[in-house]
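Trainee:
Residue numbers (full-length UniProt numbering), protein chains in the order written: chain U, 1 to 252; chain A, 1 to 370.
(1) For residue 238 of chain A, which three-state DSSP category applies?
(2) Find out if the Cβ-Cβ distance for the pair residue 128 of chain U, residue 165 of chain U is shorter than 7 angstroms.
(3) Report the rounded CA-to-CA distance for residue 241 of chain U versus residue 145 of chain A, giving the unit in angstroms.
(4) For the putative contact between residue 137 of chain U and residue 56 of chain U, defined by C-beta atoms under 8 angstroms, what is the C-beta separation to the nearest angstrom?
(5) Tell me whether the beta-carbon of residue 18 of chain U lies closer than 7 angstroms to the beta-carbon of residue 37 of chain U.
(6) Can you tell me whether residue 226 of chain A is buried or exposed? The criterion is at least 16 other CB atoms within 10 Å of its CB, across all chains shown.
(7) State the DSSP-derived secondary structure class of residue 148 of chain A, mapped to helix, strand or coil.
(8) Which same chain residues end up closer than 6 angstroms to residue 237 of chain A when comparing Cβ atoms and leaving out the 5 residues on each side of it in sequence?
(9) What did DSSP end up calling residue 328 of chain A once you bin it into helix, strand or coil?
(10) Buried or exposed for residue 11 of chain A, please, with buried defined as at least 16 other CB atoms from any protein chain shown within 10 angstroms of its CB.
(11) If you count every other CB in all the chains shown that lies within 10 Å of the CB of residue 265 of chain A, and 16 or more means buried, which is it?
(12) Assign residue 125 of chain A to one of three DSSP states: helix, strand, or coil.
(13) Please identify, using Cβ separations under 7 angstroms, the residues of the stretch 141 to 174 of chain U that lie next to chain A, in order along the chain.
(14) Just to make sure I have the definition right: I need the residues of chain A whose C-beta is within less than 8 angstroms of the C-beta of residue 119 of chain U. Which are they?
(15) Using a C-beta to C-beta distance shorter than 9 angstroms, which residues of chain U count as neighbours of residue 224 of chain A?
(16) So, at 6 angstroms on beta carbons, what are the nonlocal neighbours of residue 224 of chain U in its own chain, with the 5 sequence-adjacent residues on each side left out?
(17) For residue 183 of chain U, go through chain A and note every residue whose CB falls closer than 9 angstroms to its CB, in chain order.
(18) Starting from the N-terminal side, write out each stretch of the alpha helix (DSSP H) that is 4 residues or longer and does not extend beyond the stretch 65 to 102 of chain U.
(19) Could you name the residues of the same chain whose beta carbon sits closer than 6 angstroms to that of residue 247 of chain U, not counting the 5 residues immediately before and after it, in chain order?
(20) Please report the straight-line C-alpha distance between residue 251 of chain A and residue 257 of chain A, rounded to a whole angstrom.
(21) Can you grab the Cα-Cα spacing for the pair residue 38 of chain A / residue 160 of chain U, in whole Å?
(22) Taking the alpha helix (DSSP H) that residue 286 of chain A falls in, what are its first and last residues?
(23) With a cut-off of 7 angstroms, does the C-beta of residue 227 of chain A fall near any C-beta of chain U?
(24) Where residue 328 of chain A and residue 288 of chain A are concerned, what is the direct C-alpha to C-alpha distance, given to the nearest angstrom?
(25) Please classify residue 63 of chain U: is it buried, with 16 or more other beta-carbons within 10 angstroms of its beta-carbon, or exposed?
(26) Using a Cβ-Cβ cut-off of 7 angstroms, state whether residue 84 of chain U counts as contacting chain A.
(27) In this structure, how does DSSP classify residue 235 of chain U when only helix, strand and coil are distinguished?
(28) Is residue 15 of chain A buried or exposed, if buried means 16 or more other CB atoms sit within 10 Å of its CB?
(29) Sort U:231, U:175, U:230, U:213 by Cα distance to residue 255 of chain U and report the nearest one.
(30) Identify the residues that DSSP records as bridge partners of residue 75 of chain A: which are they?
(31) Which residues in chain A sit within 8 angstroms of residue 109 of chain U, going by Cβ to Cβ distance?
(32) Mind reading off the beta-carbon distance from residue 70 of chain A to residue 125 of chain A? Whole number of angstroms is fine, and I expect it under 8 angstroms.
(33) Taking just the CA atoms, how far does residue 3 of chain A sit from residue 93 of chain A?
(34) Where are the alpha helix (DSSP H) runs, 4 residues long or more, that stay fully inside the stretch 165 to 205 of chain A, in chain order?
(35) Quick one: what's residue 57 of chain A bridged to in DSSP?
(36) Any idea which residues DSSP pairs residue 152 of chain U with across the strands?
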């Protein structure tokens, strides 16, 4: 999976991380959506892999267009059964028949069923990703019920251990930064095993560098990662068909 | 030492007629981010199970799967532990849609699917404790990971009552739980601290201003250090009301936890306080002696010599010849010649203390109530 000089892969662990929860945080100044695109592309590029994408933010055509420029055809992947795309632009967990809790329960079971089906077809799938874009829209779908969102995320995280999946969640951190007690953000940080934060440069805007990425790989007690390093900070530049990662001052 | 005291207290249980000892283990995001508090959690579990005193554990698992906890413990301990699985399906989202197949889970794992019903939750724990007791374990400790998850499904008073009921029950010899302090209001944390006999909190070695919004690129070294070390502050409440405070350092190495006493940091701190500038701001020994010998205004030196004050307008020799010049020495002579109390004003300067440094920036008017 790791490409030469790929700092993001090094930070996340060169071997495919499974059974973990990845929290991708961004802000208005620097979007972290490119991380989702990159991880989705890497997952689908493997021979034996499967992805469930819960899209509350953009329609399928948007992701298809972006990933096509990166060399990945989502339409083909969807047709081949490697991608289960849930387009939920106007998703509301509450309905006339259901409470918010029931709405999230149904969504969770749909995700679970998709993963179980993929596992039953190919039990040796090396890479199963569940991606959610994004949490703030989930909270809107839950009528602001933070507890229901956390229940849903908890159940999604149980799939990481039961089905050896990787759960990737995109969260707009500055949505919660003005609150006196940013509980949902803190809950997510406690829940996650790997945090990836996209932020602007400390020095402001630049033409050649689009921002900085910080990866905190907390690791688990039975993690066999030999390196004791847990925190990486490097810069990135988003191109049309790829993303470059480099340490400050090392970009050619 | 702190860790030993905690384990001994949990192992020994309570005296007849008293509530079971309870440990409140606190952590927060700035300290080794919950993953290390689980290292401490596992360390306590292993220590209790390995004491050889017949101690068994009922582990209530909310945060991780039961198999995760079992994988952290030696297989020899698996017979002495019962897990209440509140992780896999706490709200019955799975079992309502897909009836579970015949259980293939290990016998020491019990699934709980109605977390919202606390009486059933309590009875499940007690059932597992009785089961362990029936197998010959005299002491049963209940470990909860974590009460933060419980508080999302039940109100605070109900959770506190449940913990108190566990402490009162004859089958439970001790109790400990984990709580994330940054996910609750201070009054919630205080409530749990009040019903506990021991409070152990993990604090970061390096304090950072704001973990969530920190400029991480500028504080990577500090964050890395916080991942490998932590302060382990313990507060033990004695039966007589006395509180014992202990502070140790916790080191995480390859998944294992080591405790050490806090090293002396005074010399290190003093060294770090001196700013690194291009000019010398420290004094040599000779300079210190010279400064100590400087005669300060209005200070009686007690050596019987005249004290001459130079006002800066003319030389000292001229001022000595001028009888109208202000001289404390002159006044002293007059005083001695008359052998009477002087009619002229005197200035008595008394230092606040011998420790007051001459260059102290303390404003002497600070104590005025204006």
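We treat Cβ as the ideally placed atom computed from N, Cα and C, and that holds for glycine.
As the structure is a prediction and not an experimental result, all values here were calculated from the model.
Mentor: Quick answer:
(1) Within the second chain, numbered from 1, the residue matching residue 238 of chain A stands at position 238. Residue 238 of chain A: coil per DSSP, three-state reduction.
(2) Within the first chain, residue 128 of chain U is the residue found at index 128, counting from 1. Within the first chain, residue 165 of chain U is the residue found at index 165, counting from 1. Taking 7 angstroms as the Cβ cut-off, residue 128 of chain U and residue 165 of chain U qualify as a contacting pair.
(3) Mapped onto the first chain, residue 241 of chain U falls at position 241. Mapped onto the second chain, residue 145 of chain A falls at position 145. Their Cα atoms are separated by approximately 44 angstroms.
(4) Along the first chain, read from residue 1 onward, the residue named residue 137 of chain U stands at position 137. Along the first chain, read from residue 1 onward, the residue named residue 56 of chain U stands at position 56. Confirmed, about 4 angstroms.
(5) Numbered from its first residue, the first chain carries residue 18 of chain U at position 18. Numbered from its first residue, the first chain carries residue 37 of chain U at position 37. Contact: no.
(6) One-based indexing of the second chain puts residue 226 of chain A at position 226. Residue 226 of chain A is buried by the Cβ-count criterion.
(7) Here the question's residue 148 of chain A lines up with position 148 in the second chain. It is helical.
(8) Indexing the second chain from 1 puts residue 237 of chain A at position 237. 197, 243, listed in sequence order.
(9) Walking along the second chain from the start, residue 328 of chain A turns up at place 328. Any answer about residue 328 of chain A is weak, because its pLDDT of 43 lies below 50 and its placement is not dependable; what the coordinates show is given next. Three-state DSSP puts residue 328 of chain A in a helix.
(10) As a position in the second chain, residue 11 of chain A is number 11, starting the count at 1. With 16 or more other Cβ atoms within 10 Å, it is buried.
(11) For the purposes of this step, residue 265 of chain A is taken as the residue at position 265 of the second chain. Any answer about residue 265 of chain A is weak, because its pLDDT of 46 lies below 50 and its placement is not dependable; what the coordinates show is given next. Exposed.
(12) The count along the second chain starts at 1 and reaches residue 125 of chain A at position 125. Helix.
(13) 147, 150, 151, 155, 158, 161
(14) Along the first chain, read from residue 1 onward, the residue named residue 119 of chain U stands at position 119. Near residue 119 of chain U there are no residues of chain A at all, since even the closest Cβ is about 14 angstroms away, more than 8 angstroms.
(15) Against the second chain, residue 224 of chain A aligns to sequence position 224. Near residue 224 of chain A (Cβ distances below 9 angstroms), the residues of chain U are 228, 229, 230, 231.
(16) In the first chain, counting from the first residue as 1, residue 224 of chain U sits at position 224. Any reading at residue 224 of chain U must be qualified, since the residue scores a pLDDT of 47, below 50, and its modelled position is unreliable; the value itself is stated next. Around residue 224 of chain U: no qualifying Cβ.
(17) For this step, residue 183 of chain U is matched to residue 183 along the first chain. Per Cβ cutoff of 9 angstroms: 182, 183, 184.
(18) Counting only unbroken stretches of 4 or more residues, the alpha helix (DSSP H) elements lying wholly within the stretch 65 to 102 of chain U are 74 to 79, in sequence order.
(19) Counting from one through the first chain, the residue named residue 247 of chain U turns up at place 247. Only 234 meet the Cβ criterion.
(20) Here residue 251 of chain A refers to the residue found at position 251 when the second chain is read from its first residue. Here residue 257 of chain A refers to the residue found at position 257 when the second chain is read from its first residue. If you take the alpha carbons of residue 251 of chain A and residue 257 of chain A, they lie about 6 angstroms apart.
(21) Taking the second chain and counting its residues from 1, the one referred to as residue 38 of chain A is at position 38. Taking the first chain and counting its residues from 1, the one referred to as residue 160 of chain U is at position 160. C-alpha separation (whole angstroms): 18 angstroms.
(22) Your numbering for residue 286 of chain A matches position 286 in the second chain. Its alpha helix (DSSP H) spans residues 285 to 292.
(23) The residue labelled residue 227 of chain A in the question sits at position 227 within the second chain. Chain U, which has a Cβ nearer than 7 angstroms to the Cβ of residue 227 of chain A, makes this yes.
(24) One-based indexing of the second chain puts residue 328 of chain A at position 328. One-based indexing of the second chain puts residue 288 of chain A at position 288. Low local confidence applies: a pLDDT of 43 at residue 328 of chain A is under 50, so the model's placement there is unreliable, with the coordinate-based value given in what follows. Rounded to whole angstroms, residue 328 of chain A to residue 288 of chain A spans 27 angstroms at the Cα level.
(25) Along the first chain, read from residue 1 onward, the residue named residue 63 of chain U stands at position 63. Answer is buried; the Cβ neighbour count reaches 16.
(26) In the first chain, residue 84 of chain U corresponds to position 84, counting from 1. So no, residue 84 of chain U is outside the interface.
(27) Locating residue 235 of chain U in the first chain gives position 235, counting from the first residue. Note: residue 235 of chain U maps to strand in three-state DSSP.
(28) Taking the first residue of the second chain as 1, we reach residue 15 of chain A at position 15. Classification of residue 15 of chain A: exposed, given that the 10 Å Cβ count is below 16.
(29) Here chain U comprises residues numbered 1 to 252, so residue 255 of chain U is not present and cannot be evaluated.
(30) Against the second chain, residue 75 of chain A aligns to sequence position 75. Per DSSP, none; premise fails for residue 75 of chain A.
(31) Looking up residue 109 of chain U in the first chain gives position 109. Those within 8 angstroms of residue 109 of chain U in chain A are 93, 94, 97, 98.
(32) What you label residue 70 of chain A is simply residue 70 of the second chain in a count that begins at 1. What you label residue 125 of chain A is simply residue 125 of the second chain in a count that begins at 1. 18 angstroms between Cβ atoms; not a contact.
(33) Within the second chain, numbered from 1, the residue matching residue 93 of chain A stands at position 93. Within the second chain, numbered from 1, the residue matching residue 3 of chain A stands at position 3. So the alpha carbons of these two residues sit roughly 39 angstroms apart.
(34) 186 to 194
(35) Working through the second chain from its first residue, we reach residue 57 of chain A at position 57. Bridge partners of residue 57 of chain A: A:81, A:141.
(36) Counting from 1 along the first chain, the entry for residue 152 of chain U is found at position 152. Paired residues: none, contrary to the question.
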